[in-house]
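2 protein chains.
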Amino acid sequence: MNELLISLNRHKKTALYEQIYEHIKQDIMGGRLSHGERLPSARILAENLQVSRSTVDAAYGQLVSEGYLLAKRGSGYYVCDVAGLYDLAPEMLVKTQETVRGAYIPDSNSRCLGKNWPRPAEKRKTEENGNWPCNYNMLPGQIDSEAFSYGAWRKAGKEAMLEIEHELLLPGHPQGEYGLRRAVAHYLYQARGVCCMPEQLVVGAGNEYLLLLLGQILGHAGAVAMESPTYPQAYHTFWNMGYEMQAVPMDADGMLVQELARKDASLAYVMPSHQFPLGSVMPFKRRLQLLAWAQERPGCYIIEDDHDSEFRYKGKPIPSLQGMDRQGRVIYVGTFSNSIMPSIRVSYMVLPEELLRIYHRKCGFYASTVSRLIQMNVCKFIEDGGFGRHLNKMRRIYKGRHDLLLQLLKGRKWVRKIYGAHAGLHLAVELNCPLSEQEVLRRAKARGIMIQGIRECLIVNKKNTLNPVMLIGFGNLPEEKICAGIEALEQCVQLA
Amino acid sequence: MNELLISLNRHKKTALYEQIYEHIKQDIMGGRLSHGERLPSARILAENLQVSRSTVDAAYGQLVSEGYLLAKRGSGYYVCDVAGLYDLAPEMLVKTQETVRGAYIPDSNSRCLGKNWPRPAEKRKTEENGNWPCNYNMLPGQIDSEAFSYGAWRKAGKEAMLEIEHELLLPGHPQGEYGLRRAVAHYLYQARGVCCMPEQLVVGAGNEYLLLLLGQILGHAGAVAMESPTYPQAYHTFWNMGYEMQAVPMDADGMLVQELARKDASLAYVMPSHQFPLGSVMPFKRRLQLLAWAQERPGCYIIEDDHDSEFRYKGKPIPSLQGMDRQGRVIYVGTFSNSIMPSIRVSYMVLPEELLRIYHRKCGFYASTVSRLIQMNVCKFIEDGGFGRHLNKMRRIYKGRHDLLLQLLKGRKWVRKIYGAHAGLHLAVELNCPLSEQEVLRRAKARGIMIQGIRECLIVNKKNTLNPVMLIGFGNLPEEKICAGIEALEQCVQLA
Numbered sequence: 001m002n003e004l005l006i007s008l009n010r011h012k013k014t015a016l017y018e019q020i021y022e023h024i025k026q027d028i029m030g031g032r033l034s035h036g037e038r039l040p041s042a043r044i045l046a047e048n049l050q051v052s053r054s055t056v057d058a059a060y061g062q063l064v065s066e067g068y069l070l071a072k073r074g075s076g077y078y079v080c081d082v083a084g085l086y087d088l089a090p091e092m093l094v095k096t097q098e099t100v101r102g103a104y105i106p107d108s109n110s111r112c113l114g115k116n117w118p119r120p121a122e123k124r125k126t127e128e129n130g131n132w133p134c135n136y137n138m139l140p141g142q143i144d145s146e147a148f149s150y151g152a153w154r155k156a157g158k159e160a161m162l163e164i165e166h167e168l169l170l171p172g173h174p175q176g177e178y179g180l181r182r183a184v185a186h187y188l189y190q191a192r193g194v195c196c197m198p199e200q201l202v203v204g205a206g207n208e209y210l211l212l213l214l215g216q217i218l219g220h221a222g223a224v225a226m227e228s229p230t231y232p233q234a235y236h237t238f239w240n241m242g243y244e245m246q247a248v249p250m251d252a253d254g255m256l257v258q259e260l261a262r263k264d265a266s267l268a269y270v271m272p273s274h275q276f277p278l279g280s281v282m283p284f285k286r287r288l289q290l291l292a293w294a295q296e297r298p299g300c301y302i303i304e305d306d307h308d309s310e311f312r313y314k315g316k317p318i319p320s321l322q323g324m325d326r327q328g329r330v331i332y333v334g335t336f337s338n339s340i341m342p343s344i345r346v347s348y349m350v351l352p353e354e355l356l357r358i359y360h361r362k363c364g365f366y367a368s369t370v371s372r373l374i375q376m377n378v379c380k381f382i383e384d385g386g387f388g389r390h391l392n393k394m395r396r397i398y399k400g401r402h403d404l405l406l407q408l409l410k411g412r413k414w415v416r417k418i419y420g421a422h423a424g425l426h427l428a429v430e431l432n433c434p435l436s437e438q439e440v441l442r443r444a445k446a447r448g449i450m451i452q453g454i455r456e457c458l459i460v461n462k463k464n465t466l467n468p469v470m471l472i473g474f475g476n477l478p479e480e481k482i483c484a485g486i487e488a489l490e491q492c493v494q495l496a
Numbered sequence: 497m498n499e500l501l502i503s504l505n506r507h508k509k510t511a512l513y514e515q516i517y518e519h520i521k522q523d524i525m526g527g528r529l530s531h532g533e534r535l536p537s538a539r540i541l542a543e544n545l546q547v548s549r550s551t552v553d554a555a556y557g558q559l560v561s562e563g564y565l566l567a568k569r570g571s572g573y574y575v576c577d578v579a580g581l582y583d584l585a586p587e588m589l590v591k592t593q594e595t596v597r598g599a600y601i602p603d604s605n606s607r608c609l610g611k612n613w614p615r616p617a618e619k620r621k622t623e624e625n626g627n628w629p630c631n632y633n634m635l636p637g638q639i640d641s642e643a644f645s646y647g648a649w650r651k652a653g654k655e656a657m658l659e660i661e662h663e664l665l666l667p668g669h670p671q672g673e674y675g676l677r678r679a680v681a682h683y684l685y686q687a688r689g690v691c692c693m694p695e696q697l698v699v700g701a702g703n704e705y706l707l708l709l710l711g712q713i714l715g716h717a718g719a720v721a722m723e724s725p726t727y728p729q730a731y732h733t734f735w736n737m738g739y740e741m742q743a744v745p746m747d748a749d750g751m752l753v754q755e756l757a758r759k760d761a762s763l764a765y766v767m768p769s770h771q772f773p774l775g776s777v778m779p780f781k782r783r784l785q786l787l788a789w790a791q792e793r794p795g796c797y798i799i800e801d802d803h804d805s806e807f808r809y810k811g812k813p814i815p816s817l818q819g820m821d822r823q824g825r826v827i828y829v830g831t832f833s834n835s836i837m838p839s840i841r842v843s844y845m846v847l848p849e850e851l852l853r854i855y856h857r858k859c860g861f862y863a864s865t866v867s868r869l870i871q872m873n874v875c876k877f878i879e880d881g882g883f884g885r886h887l888n889k890m891r892r893i894y895k896g897r898h899d900l901l902l903q904l905l906k907g908r909k910w911v912r913k914i915y916g917a918h919a920g921l922h923l924a925v926e927l928n929c930p931l932s933e934q935e936v937l938r939r940a941k942a943r944g945i946m947i948q949g950i951r952e953c954l955i956v957n958k959k960n961t962l963n964p965v966m967l968i969g970f971g972n973l974p975e976e977k978i979c980a981g982i983e984a985l986e987q988c989v990q991l992a
């Protein structure tokens, strides 16, 4: 067992438990404490440091909640495998005072959540009381509403308000607050391997808005190539903009580039880190082929939608396609809908230099679509390290649900195949069942199970898919409900 | 002098000064205290009510700041002419609890400020320090950043946060929170004579976004008719959407309908309550002609942009065109950019039933572009009456600046004509000067005067306008700066 050498500064403003937490965290991230290593008991550490037992308990508790330590009943605390854990705070000490201060003068400037949208009738129904008869919310793209770090979020909000109180009333920068763009650029570089300057980032009110903006930057002409199944909101957004939609077959590695090459699309929309809804991850070789496709064709671009890559439960997150691109052919789109909250409506895209110039010329006059206060709230949340801690905390919670769900599904007769495990907030489950997908959905709804099938994600030949596939989301489904939820679902997939 | 009969309830939670304020305000709005009437002195009223002098001072102070009372030095307090004052709070007692509570499951759904936008070079320049060398900010569309009711705004924000803490994380309604839409519908009916159901309102992140959405609802085809000069952001937004732009000549009453009838436009974009930038008000007869134009032509619509009608300094605000429309041909667009703050990014549009159906079918899947927290903050601000009080307070401040500016400009040799007085946040001043508009702007910039000319609002024959016209905004120009600012401007318009 490692003798922890922690020097506490009792005159420091930071609480003692925070100093212990920070010290152990740095030892773990710095490799001085390695995976599986056992820590001294809280009692012993408290004695050594001459602090109260509760102080150490608080520090250990925090470390456990963020996935740095594992508490084994009756045995003690052990260092976790921290590959893929976020540690954003330290590098984030460049604060935004100066940029937050001045307002942008004289000019000023969605990801949908339920991945399916209701028919108008249903919409009206929810108009009044908003509530859906729901025992089990198994929709993908939902997030946990209990564990959210309200305290840290509100603290960041207060700081933001104090800092820009008066500037708040002046128009912000069309691309978004510079401070936020800098924080996002830094986060994307650390967490996603995205290489960009804050000047290349455009913050917008949700992915659909950013796609609308992109449509104006690229001009209306042309066709867009998408996988089938794909993310329906993106499909409908391009459709509404008058794009010709071209479905490209995909295999377990994602879009088939040789099929793409046969089309005349100038845009390819992909989700290489975690394809929606099947969760496939595009391997290195396929990524190179895709980049080559764009690079060999003047005016062709790849849209990389990196919607939920924050949550990966096995190994390290896969670096972004954008980071591999040396010729400015990838438009990277990301969102805070899953990592913070859907209703915040903050997304961002990284524009290659060439498109950035067009953006300035054609779209520079659009005011930002995100409130300055919300932007600064997010900026502070990231800079204070609250965001990184929140991601780690949620990752631990979601991993628990993911693992439980996977274990519950394995070996069931009605489960033919499970897609997209070990990442994201849902599993795609191909059913081994005599019923149609619609019928399963109908039965599920009757039992108060909110769940989505794969059909509405298919953009071609919806008919001839052999088996129904359910997208089982666990973002807003607590562990205690997962077990009963799966039993209830089992009732729906079997002949009465 | 009127003997004020005020019964105070000392057991009530509301502060005594608020009870006095509320009572006198209701007496004034109810006509029991009439214009010009003198109120008892603070000392006497304090004695009668057996409250401290400071309590009455607080109540009187509040009433003065909101424009109900006028304080004459050494003479006392007099009732103001309250025509056009807002009194929204009382009717607003329908609160939003029930609608706020439930989240919209399973699916979820700008006005630019400086009315001119910088060239990319300037944009970069401001990218780093954001600040502009500015002694006098005379840009139109700016608001006062000192007098904003931060307290009331933050209070509303806290209420919003507490009320929807957990729902906050769930997707909101695509059209915007029902509670907000109800409050806005109520406000629009009271203040602007707009007749609509909350179900017809779509809340969006700025006017430009709403126009983009409208473009998708209406389909890309067709031409849009605009006045020249007009609001440049709207012009460029339609242009970016691929609309054919048709300039329609205007006179002092606004767009010439017989000229419009000669075009083949299916959309007419107008600002009948206060045209930007000339501030003309469309009279009743012209409004009827315009409505007739749309009603006689299937598929033709009028977009009524009601951007800054909150501030009118003479007589009552002009009711909206939408309120006169009986056949669903007017799309009403409004914003909180001027009435609350530009950086909040909250606008709204009222869709006629026919377009609402298309919206649900084609665009119902778009998540709202405004953060739920911001929406609820605005909702609470309106419901608590803070918004109404803020409007009255700002109206008084802006009227003071407007009157002073008007008085300073009258009779100057270099002032040929003044357009758009008695409303809004700027005056359009036609110059009697040998210099070109560009030259005046260049000189102004060199003297640290931020000001806009009319040329960039012209969408046809920019050349042959005879004289330069300056748009002198006073929204963010305190009275003490107006005098010096006009002197500085005078230096720019005369030959050295």
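Chains as they are written, first to last, in this note's numbering: chain X, 1 to 496; chain W, 497 to 992.
Idealized CB from N, CA, C, for every residue including glycine.
Query: Report the residues of the region 697-728 of chain W with a CB closer than 7 Å to any CB of chain X, ordered along the chain.; Result: Ala701, Gly702, Glu704, Tyr705, Leu708, Gln712, His716
Query: For X:Val100 and X:Gly179, I'd like the C-alpha separation in whole angstroms.; Result: The predicted position of X:Val100 is uncertain, since its pLDDT is 30 and thus under 50; no value can be drawn from it.
Query: Any C-beta of chain W sitting closer than 9 Å to the C-beta of X:Leu373?; Result: yes
Query: Count the other C-beta atoms from every protein chain shown that fall within 10 angstroms of the C-beta of W:Ala579, then say buried if there are 16 or more, exposed otherwise.; Result: exposed
Query: For the 8 Å Cβ check, are there 3 or more pairs between the region 779-794 of chain W and the region 762-769 of chain W?; Result: yes
Query: Looking only at C-alpha atoms, which of W:Ile798, W:Ala942, W:Val965, W:Ile524 sits nearest to W:Pro773?; Result: W:Val965
Query: Should X:Asn338 go down as buried or exposed, given a rule of 16 or more other Cβ atoms within 10 Å for buried?; Result: buried
Query: Among W:Leu937, W:Pro779, W:Leu973, W:Phe970, which one has its Cα closest to the Cα of W:Gln987?; Result: W:Leu937
Query: For W:Gly969, write down the residues that DSSP places opposite it in a beta bridge.; Result: W:His922
Query: Please classify W:Asp821 as buried or exposed, where buried requires at least 16 neighbouring CB atoms within 10 angstroms.; Result: buried
Query: Strictly below 9 Å CB to CB, what residues from chain X border W:Cys859?; Result: His236, Asn240
Query: Which residues bound the beta strand (DSSP E) around X:Asn226?; Result: Checking the sequence, you will find Met at residue 226 of chain X rather than Asn. Here the beta strand (DSSP E) through X:Met226 covers 223-227.
Query: W:Met837 touches chain X at which residues, Cβ-Cβ below 7 Å?; Result: Leu168, Leu169
Query: Does DSSP classify W:Ile955 as helix, strand or coil?; Result: coil
Query: Taking W:Val547 as the reference, which of W:Val575, W:Ile502, W:Gly881 has the closest Cα?; Result: W:Ile502
Query: Beta-carbon within less than 6 Å of W:His531's beta-carbon, same chain only, minus the 5 sequence neighbours each way: which residues are those?; Result: Val575, Asp577
Query: Considering only the alpha carbon of each residue, which of X:His23, X:Leu70, X:Thr230, X:Ala421 lies closest to X:Phe311?; Result: X:Ala421
Query: So which of X:Asp305, X:Ile459, X:Ile340 has the shortest CA-CA distance to X:Val330?; Result: X:Asp305
Query: If I measure Cβ to Cβ from W:Tyr727 and keep anything under 6 Å in the same chain, skipping five residues before and after, which residues do I get?; Result: Phe772
Query: Around the C-beta of X:Met197, are 16 or more other C-beta atoms found within 10 angstroms, so that it is buried, or is it exposed?; Result: exposed
Query: For W:Ala538, tell me which candidate among W:Val552, W:Asn544, W:Gly527, W:Met525 has the shortest Cα-Cα distance.; Result: W:Val552
Query: Mind reading off the beta-carbon distance from X:Ala147 to X:Lys393? Whole number of angstroms is fine, and I expect it under 8 Å.; Result: 7 Å
Query: As a quick exercise: from W:Val753, W:Lys759, W:Ala764, pick the residue whose alpha carbon is nearest that of W:Phe780.; Result: W:Val753
Query: On the criterion of 16 or more Cβ atoms from any shown chain inside 10 Å, does W:Lys521 qualify as buried, or is it exposed?; Result: buried
Query: Suppose contacts are defined by Cβ-Cβ distances below 9 Å. Is W:Asn928 in contact with W:Arg912 by that definition?; Result: yes
Query: Hey, is X:Ile382's beta-carbon within less than 9 Å of any beta-carbon in chain W?; Result: no
Query: Does chain X have any CB closer than 9 Å to the CB of W:Glu518?; Result: no
Query: Using beta carbons (cut-off 9 Å, strictly below), is X:Ser7 in contact with chain C?; Result: As a matter of chain content, chain C is missing from the structure shown, whose protein chains are X and W.
Query: For the alpha helix (DSSP H) that W:Ser1002 lies in, which residues bound it at each end?; Result: Lying outside 497 to 992, the shown extent of chain W, residue 1002 of chain W is not represented and no answer is given.
Query: For a test of the three-state rule: what should DSSP assign to X:Tyr243, helix, strand or coil?; Result: coil
Query: Listing by chain order, which chain X residues have their CB less than 8 Å from the CB of W:Ser970?; Result: Residue identity check: residue 970 of chain W is Phe in the sequence provided, not Ser. Under the 8 Å cutoff, chain X gives no residues; its nearest Cβ is about 15 Å from W:Phe970.
Query: What is the DSSP secondary structure of W:Ile516, counted as helix, strand or coil?; Result: helix
Query: Please confirm whether X:Ala444 has its beta-carbon closer than 9 Å to some beta-carbon of chain W.; Result: no
Query: Starting from W:Tyr573, follow its DSSP beta bridges and name the residues at the other end.; Result: W:Leu535, W:Ala567
Query: Counting pairs of Cβ atoms below 8 Å between the region 873-889 of chain W and the region 678-696 of chain W, do you hit three or more?; Result: yes
Query: Determine the extent of the beta strand (DSSP E) in which W:Leu787 is found, giving its start and end residues.; Result: It is not in any beta strand (DSSP E) - W:Leu787 instead sits in the alpha helix (DSSP H) that spans 780-791.
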